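Below is one structure; the comments refer to it alone.
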Amino acid sequence: MRQWLRGVWDGIYTALVGMNITWRHLFNTNVTLQYPEQKWVLPPKSRMRLFMKYEDCIGCGQCARACPVHCISIKAEKRVAGSPPVWAADGTPIKLDVKVFDIDMSLCCYCNLCTYPCPTNCIYMTTEYEFATTNLNDHFYRFAKPDAVLLTVNPKPPAAPAAPAAPAAGAPPAGAPPAPQAPPAAPAGA
Amino acid sequence: MDLIYGLLPLAWPEWLKLALAAGVPAVILFTFPMALGPLVYTYAERKIAGFMQDRLGPMRVGPYGLLQSIADTVKLLFKEAIFPARVDRKLFVLGPCIVVAGAFMPFAVIPFGEKLQAMDLNVGVFYVTAIASISTVGLIMAGWASNNKYSLFGAMRAAAQIVSYEIPAVMTLLIPVMIVGSLQMQDLVKVQAGGFQNWMVFRYFPIMPVAFLVFFLATLAECNRTPFDIPEAESELVGGFHTEYSGFFFAMFFLGEYTEMFVVSAVGTVLFLGGWYSPFPWAWTNVLPVAGVEIPLGPFWLIFKVWSLMFVHMWLRWTLPRTRVDQLMYIAWKVLLPISLVLVVLVGGLVVWTPTSQGFAWDRILGPLVAIALLGYLFVAMVVAWRSRAQRVREMAA
């Protein structure tokens, strides 16, 4: 009899506890996101689709070497002799003509390893994640632009940063690099 | 009725004109809204399920998903009704029809107001209990005719469950009937006039609330709703008795289920919760005089109370897991039945014993106080949840 009463009490009591919980959740916040209309604001370091800014690429190929799945393929050749000098946005001189820069996003494992070695920060991951397609070839991104407008003026002229740096750095090691070669030493070392 | 009678051609036979004049308003006033009711109930059910699980429920079809149930109904109506190989076609078709008919027939005696009742039978409660069991026959027919072992399991379980739970339900039905001394629905309602402290739930304070609880649980099981939905039990039996059904016949099972929910809630309201009387003691809440015309508010109050009970049905469904078959039988035979028998004996004695034949002295105070305390707790919990939600929204905006 005692056990029976305890069972009945437990049944009613636990049901009431559960009803209390569901009642409170009835008026709680709904966590559903109405996806196509509403979207999460992703943190800026999200690792989604890769992007590469062709105008800044110096064709060093470090990203392709860092990639564990070899999804980046680069073909670069020396610029034609006598062509005007060009620079990346951070002042790195571009010595190579990047003919092919392809990223196969269907292979990409989103590890972000390619972005760290890039000396000019021209390859980076964006927050763009809606690039599903029905055709696998649409995941093959060709970033090389033959008609790209490259900077023909050094955006960071060596006057301000390199002039104080060159005498200071140039004096002790007694290295005698040509004068315009001073700026690349600073970003490469950094 | 007179209007329709006057509109009919004079040459028609008298009995046909009378039947049409009586039948058409009945269909328009009762059956049609009640048949459309499941549209509202399925939408409410899915919304409540969504909110209780912190989801949104249907949101796509129409504003806030309001047209979702209409879209589902249209989809079901246009779907092919598949007859699997070697089913018993006659029974297969007849099963859902009987389920729906059994669910709709009790509407004949449910009082929506003092005059708004199709038929005030002098055996009203008896009629309801007799008719409501018919849908079980339909379930067994559907399960047997499907030629499928899961359907047959479901039908057998449904039969066992409904037969078991009919007994405590009827026993607790008897208690108000004993107190009032009548099986007529209007008599049962009229003793509960004058505010919610006169409701039958609060008579004999600790006794009638328990009787109402037993009645509620037993009728919940009779509707085959979770936590007692083992006849359907989609995780064990695919779909129980409606595994093989599709299209319109499948929709009929849902129509029957939701209508039966309405019916048992209406019977519970009539017997225990004051029927079509308003919960307030003021007379104008029952009959509202507007510009000389007296508008009876009975249907509004009855449907309000019935929907509240149906909300509790849905609330329980999204709270509790399904019982096992043996637990189900345990609850019916070893818990609800003894309690209801004890209650019948107790109330019988109290009704006969002269000092308590009108209820205990503290009836009008204690029961309402407990009810108000419960509702107040729910209200406070609601407000707290609302405030935490508002705070969360502010945090997300910041």
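Line by line, the protein sequences are chains A and B.
Here our numbering is used: the first residue of the first sequence is 225, the next is one more, and so on.
Here our numbering is used: the first residue of the second sequence is 2, the next is one more, and so on.
Glycine included, every Cβ here is placed at the ideal spot set by N, Cα and C.
Note that the structure is predicted; figures quoted are calculated from it, not measured.
* In chain A, which residues lie less than 8 Å from B/R56 when you measure between Cβ atoms? -> N254, V255, T256
* Would the beta-carbon of B/V384 be found less than 8 Å away from any heavy atom of the ligand ADP? -> Annotation note on the ligand ADP: not contained in the displayed structure, which lists no ligands.
* Environment of A/S330 [buried if 16+ CB atoms lie within 10 Å] -> A/S330 counts as exposed, since fewer than 16 other beta carbons sit within 10 angstroms of its beta carbon.
* Reference A/G242; option with closest CA among B/G58, B/G66, B/T137, B/P228 -> Ranking B/G58, B/G66, B/T137, B/P228 by Cα distance to A/G242 puts B/P228 first.
* To do: Note down, in chain order, all residues in the region 366-389 of chain B with a beta-carbon under 9 Å from any beta-carbon belonging to chain E.
  => The structure shown contains no chain E; its protein chains are A and B.
* For B/R393, go through chain A and note every residue whose CB falls closer than 9 Å to its CB, in chain order. => N252, T253
* Asked: Considering only residues of the same chain and omitting the five flanking positions on each side of A/P391, which have a CB-CB separation below 7 Å?
  -> No answer about A/P391 holds up, because its pLDDT of 47 lies below 50 and its placement is not dependable.
* **Per-residue burial, B/F120 [other beta carbons within 10 Å of its own, 16 or more giving buried]** => Phe is not the amino acid found at residue 120 of chain B; the sequence shown has Met there. By the 10 Å Cβ count, B/M120 comes out exposed.
* Report the residue from B/T74, B/V313, B/A109 whose alpha carbon sits nearest the alpha carbon of B/L376. => Looking from the CA of B/L376, the closest CA among B/T74, B/V313, B/A109 belongs to B/V313.
* **Own chain, CB closer than 7 Å to B/S70, minus 5 neighbours either side, in chain order** => L40, T43, Y44
* Asked: Is there at least one Cβ from chain A nearer than 9 Å to B/K335's Cβ?
  -> yes
* Assess, as a yes-or-no matter, whether the region 99-111 of chain B is touched by the region 254-265 of chain B under the definition of 3 or more beta carbon pairs within less than 8 Å. => Touching, per the Cβ criterion.
* Quick one: what's got a C-beta closer than 8 Å to A/Y334's C-beta in the same chain, skipping five residues either side? -> Contacts found: R271, M272, M349.
* For A/I323, which of helix, strand or coil comes out of DSSP? -> As written in the sequence, residue 323 of chain A is Lys, which differs from the Ile given in the question. DSSP, read as helix, strand or coil, puts A/K323 in strand.
* **Limits of the beta strand (DSSP E) - the one that B/E223 falls within** => No beta strand (DSSP E) contains B/E223, which is instead part of the alpha helix (DSSP H) from 208-223.
* To do: With DSSP collapsed to three states, give me the class of A/R226.
  => helix
* Asked: Taking C-alpha atoms, which residue in B/W363, B/R226, B/P34 lies nearest to B/R204?
  -> When each option's Cα is compared against that of B/R204, the closest is B/W363.
* Asked: A/R230 CB to nearest chain B CB: under 9 Å?
  -> no
* How would you list, in chain order, the residues of chain B whose beta-carbon sits under 8 Å from the beta-carbon of A/M243? -> W316, L317, T320
* **Beta carbon of A/D328 nearer than 9 Å to that of A/H363** => yes
* In terms of residues, what are the limits of the beta strand (DSSP E) holding B/V294? -> Taken as a continuous stretch (DSSP letters only), the beta strand (DSSP E) holding B/V294 covers 294-297.
* To do: Indicate whether the contact test is met: 3 or more Cβ pairs, each with one atom in the region 155-165 of chain B and one in the region 205-225 of chain B, closer than 8 Å.
  => yes
* To do: Out of B/K80, B/V384, B/M201, state which residue places its alpha-carbon closest to the alpha-carbon of B/G368.
  => B/M201
* Are any of the Cβ atoms in chain A nearer than 9 Å to that of B/M311? -> no
* **Selection of the region 256-290 of chain A by Cβ proximity to chain B, strictly under 7 Å** => T256, Q258
* chain B beta carbons: is any one of them nearer than 9 Å to that of A/G235? -> yes
* To do: Let me know if B/N149 comes out buried or exposed under the rule of 16 or more other beta-carbons within 10 Å of its beta-carbon.
  => Counting other Cβ atoms within 10 Å of its Cβ, B/N149 reaches 16 or more and is therefore classed as buried.
* Counting only runs that start and end within the region 299-323 of chain A, where is the alpha helix (DSSP H) found for 4 or more residues in a row? -> none
* To do: With a 10 Å radius around its C-beta and 16 neighbouring C-beta atoms as the bar for buried, classify B/P232 as buried or exposed.
  => buried
* To do: Determine, using beta-carbon pairs with one atom in the region 299-313 of chain B and one in the region 130-139 of chain B, whether at least three such pairs fall under 8 Å.
  => no
* Asked: Using the rule of at least 16 other Cβ atoms within 10 Å of the residue's Cβ for burial, across every protein chain shown, is B/V242 buried or exposed?
  -> Here residue 242 of chain B turns out to be Phe, not Val, going by the sequence shown. B/F242 is buried by the Cβ-count criterion.
* Asked: Near B/V352, which residues of its chain fall below 7 Å by C-beta distance, leaving aside the five closest residues on each side in sequence?
  -> M179, I180, S358
* Neighbourhood of B/M315 by C-beta, 6 Å cutoff - its chain only, sequence neighbours within 5 removed -> Excluding sequence positions up to five before and after B/M315, its CB lies within less than 6 Å of the CB of E46, I49, all in the same chain and listed in chain order.
* Asked: Quick one: does A/T339 have its CB under 9 Å from some CB of chain B?
  -> no
* Rounded C-alpha distance that separates B/G63 from B/D73 -> 13 Å
* Asked: the region 58-92 of chain B: which residues have C-beta closer than 8 Å to a C-beta of chain A, in chain order?
  -> M60
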